[in-house]
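So the mapping is simple: the numbering used here equals the position in the sequence shown, first residue as 1, plus 38. Single-structure report; data block below.
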Amino acid sequence: MTERLFPILGTEDIPMLGRERLMDRIWGDISKTTPSNLSIVGPRYIGKTVLLKALVERANGDDSPFSLVLYWELGFHPPQSDEAFIADLCDQLHETLGVDPVKYSEHRSELAEDKTFLTLKEVMDLIQMEGDSILMVWDGFDKPLSQGQLTGTLFGNLRDLFNGKKHKIITAARAKQSELAADKQVEDSPFWNMFDVNPVRIGPFDSDDCQAALAKGGFQPQRGGEKELGNWTGGHPVLFLSLLNELHADSVTEFDNTHVSAAAKNVGQSLADFMAKLWSCCTADAKSTYLAIVESGEIETRKVSREVQDSLTGQAFAIGSGSKLKPSCTLMQQHIQSAKGQGGGIKRSFGSTNDYESNIRELLELRLSQIKRPINARLHRLVTQSISHLPSDPDDCLNNLTRIEELSLDTVWQVEGEPNSQLPADVISAWTLSPGDRDRTVKDRMDNNDWTIPTDRLQQILILERLTGSRKDFSPLSRCISKDTYVLLNAIHSFRNRTEHTDGQQMPVGVAASALLLCIELLGCLSHELSPP
39 MTERLFPILG
49 TEDIPMLGRE
59 RLMDRIWGDI
69 SKTTPSNLSI
79 VGPRYIGKTV
89 LLKALVERAN
99 GDDSPFSLVL
109 YWELGFHPPQ
119 SDEAFIADLC
129 DQLHETLGVD
139 PVKYSEHRSE
149 LAEDKTFLTL
159 KEVMDLIQME
169 GDSILMVWDG
179 FDKPLSQGQL
189 TGTLFGNLRD
199 LFNGKKHKII
209 TAARAKQSEL
219 AADKQVEDSP
229 FWNMFDVNPV
239 RIGPFDSDDC
249 QAALAKGGFQ
259 PQRGGEKELG
269 NWTGGHPVLF
279 LSLLNELHAD
289 SVTEFDNTHV
299 SAAAKNVGQS
309 LADFMAKLWS
319 CCTADAKSTY
329 LAIVESGEIE
339 TRKVSREVQD
349 SLTGQAFAIG
359 SGSKLKPSCT
369 LMQQHIQSAK
379 GQGGGIKRSF
389 GSTNDYESNI
399 RELLELRLSQ
409 IKRPINARLH
419 RLVTQSISHL
429 PSDPDDCLNN
439 LTRIEELSLD
449 TVWQVEGEPN
459 SQLPADVISA
469 WTLSPGDRDR
479 TVKDRMDNND
489 WTIPTDRLQQ
499 ILILERLTGS
509 RKDFSPLSRC
519 ISKDTYVLLN
529 AIHSFRNRTE
539 HTDGQQMPVG
549 VAASALLLCI
559 ELLGCLSHEL
569 SPP
């Protein structure tokens, strides 16, 4: 079998091809007299890691403004707490200082003995005082951000490591922190103010990248050959290089459009699983939009959200052309049409446990998209984030439940409580009469003459139970909120307890999906009850 010309999937050391424009921008920014901290954003499989490793190699060269380069892949084993993050970072720096174990022996000993923020900061400050600087490259940063286990306190401390220092940091993730951070304090942390406001976006190959790959492989495109490569792949690096590998395997260096079409037929079959993974990275909204584009040939960009546009163009599925979005990857079009042609409907999608787990995310996303009037954008985004962890990381799906419950309850009391955070006077009057006055929850408030809405969330749910008439002997006195909203919040609170006390039990996909469906229906109820008519 002919060896592949370009290593792509399934290999650890993939050399960078093209991307010179991106590399020049990054290198220029970090080589300035006052270098910038950068965030690199791009979808899965688009080449972020390849670019970063090439950057690390260059930063370790003779012309580098940095004395030390730390590369940290956070996606494999993301830290699950602030303390774990700092301890892992201490280990990473300890390993990096191993390039000169004699010079940095004392610093390495400190990091090994005491893996705390104070020690980490002391070591990094001393390294700068000694005239050295560190470039830290954090790859896969989306994973710990979206898991929601890290707090704003950590990010405040991390800012102290870099702000106003010679040390610099580059992060890479699939989206901006405002789209990924589950914790509001993390999203709003001054940590992000250190970064260039314009993230470095990495997407499909541009014409220069394609030319670099062709030159590297010694290819000489003939009539329509290069254009046909673009039509079939949209410039997606994996698909583009896979086609070149196929041509190389057939000993074709001078190729036209017919050679490319023949190679694409074989590649489409061999990469079916990979394209299924690409497709699974899309939200239900992006999928339905793409199917509409394929069916009609184009769609007006004004009818498509910016998020969906970025998703489809970033993955090379579509391309902007004036005021239209048009399909740009024939391989993906054929893959989707083939899957659609197999039919089977709901039985095919959910006929087995594996099918159910593979497709439940899209079903939940579709249901969420039907809620057209979200009453709180952050609440809506928290649910969206939670769904995105299916089916691969069900244990992370419910990390946002506490935030969802608390934000939902805050929204409820904005309409059901008084401006002074008290229960309404008519509710107090009704509850202090028989038979409500015998209820323990009410009696406690009567005894203390305190009708303030409590801060404890369970107590809030107990009050909401009575307010909505969901408790025996209580008539519904709520202004807007229904029994359904109470029932959903109460169930979510029970699931929240499940996530906070796991006892080592893994979360089944089906259980996670059930909890997320409760969250979606809660959004639906709140939207119906609180939106103006």
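Backbone N, C-alpha and C define an ideal beta-carbon position, used for all residues, glycine too.
Over the uninterrupted alpha helix (DSSP H) stretch that includes residue i, give me the two end residues.
i      : result
Val450 : 439-454
Ser552 : 547-568
Gly190 : 190-200
Gly85  : Unbroken run through Gly85: none, as it is neither H nor E.
Gly56  : Counting along the chain, Gly56 falls outside any alpha helix (DSSP H), and DSSP gives it neither H nor E.
Ser245 : 245-255
Trp270 : 263-271
Thr157 : 155-167
I believe residue i touches residue j by the beta-carbon criterion, under 8 Å. Please report the beta-carbon distance rounded to the nearest angstrom.
i      : j      : result
Ile409 : Glu454 : In fact, because the Cβ distance is near 21 Å, the residues do not count as touching under 8 Å.
Cys367 : Leu554 : No, Cys367 and Leu554 are not in contact; Cβ-Cβ is about 30 Å, not under 8 Å.
Leu112 : Leu131 : Not really, about 14 Å apart at Cβ, beyond 8 Å.
Gln187 : Asn437 : 7 Å
His205 : Met162 : 6 Å
Ile384 : Val332 : Not confirmed; about 22 Å, so no contact.
Thr523 : Leu564 : 6 Å
Pro573 : Ser396 : Residue 573 lies beyond the stretch modelled for the chain, which goes from 39 to 571, so this question has no answer here.
Leu402 : Gly306 : About 29 Å separates the two Cβ atoms, so there is no contact after all.
Ala301 : Leu285 : 5 Å
Gln544 : Asp431 : Contact doesn't hold; Cβ gap of about 11 Å is too wide.
Name the two residues that bound the continuous beta strand (DSSP E) containing residue i.
i      : result
Met174 : 172-177
Glu111 : 106-111
Thr209 : 206-211
Ser349 : Not the beta strand (DSSP E): Ser349 falls in the alpha helix (DSSP H), residues 344-352.
Pro365 : 362-365
Val79  : 76-79
Ser359 : 356-359
From this set, the options, which residue's C-alpha is nearest residue i's C-alpha?
i      : options                        : result
Leu164 : Leu135, Arg441, Ile530         : Leu135
Leu505 : Asp475, Leu496, Gln544, Val465 : Val465
Ser171 : Glu456, Val238, Pro103, Ala219 : Pro103
Ser424 : Leu192, Ile398, Ala211         : Ile398
Ile84  : Phe193, Ile442, Gln498, Leu279 : Leu279
Asn487 : Ser508, Gly507, Gln460, Leu192 : Gln460
Leu93  : Pro116, Gln118, Arg63, Cys320  : Arg63
Glu58  : Leu90, Thr351, Glu567          : Leu90
Pro576 : Asp311, Ile558, Gly306, Gly358 : In the structure as shown, the chain starts at 39 and stops at 571, and residue 576 therefore has no counterpart that could be examined.
Asp348 : Lys325, Gly335, Ile558, Leu277 : Lys325
Gln497 : Trp451, Ala468, Trp317, Leu417 : Trp451
Leu404 : Asp323, Ala415, Phe312, Arg483 : Asp323
Pro514 : Ala468, Thr479, Arg478         : Ala468
Gln372 : Ser299, Arg478, Thr479, Gly169 : Ser299
Buried or exposed: residue i, going by 16 or more other Cβ atoms within 10 Å of its Cβ?
i      : result
Pro473 : exposed
Met174 : buried
His427 : buried
Met167 : exposed
Asp221 : buried
His28  : Any answer about residue 28 is impossible in this case: the structure gives the chain only from 39 up to 571.
Quick one: what's got a C-beta closer than 6 Å to residue i's C-beta in the same chain, skipping five residues either side?
i      : result
Met39  : At Met39, the pLDDT of 39 sits below 50, so the modelled position is not reliable and the matter cannot be decided from this model.
Trp230 : Gln215
Ala250 : Leu55, Gly56
Gly575 : The chain is shown only over 39 to 571; residue 575 falls outside these bounds and no answer can be derived.
Leu502 : Tyr524
Arg509 : Glu503
Give every residue of the same chain whose Cβ lies closer than 7 Å to the Cβ of residue i, excluding the five residues on either side of it in the sequence, and list them in chain order.
i      : result
Ser569 : Arg411, Ile413
Asn195 : Phe155
Asn283 : Arg42, Leu43, Phe44
Pro462 : Glu456
Phe512 : Gly474, Arg504
Asn98  : Val107
Arg82  : Arg212, Cys319
Val342 : Thr327, Leu363
Leu60  : Leu89, Val238, Ile240
Asn201 : Met232
Ala550 : Leu428, Pro432, Cys435, Leu436
Phe312 : Leu47, Val276
Within the same chain, show all residues whose beta-carbon is closer than 8 Å to that of residue i, passing over the 5 residues directly before and after it, in chain order.
i      : result
Pro139 : Arg146
Leu158 : Ile124, Leu127, Cys128, Leu131, Leu149, Leu199
Lys265 : Asn295
Arg340 : Ser361
Gln118 : Gln185, Gln187
Ile499 : Leu447, Tyr524, Leu527, Asn528, His531
Glu443 : Arg495, Leu527, Ile530, His531, Arg534
Trp176 : Trp110, Leu112, Ile207, Ile208, Thr209, Ala210
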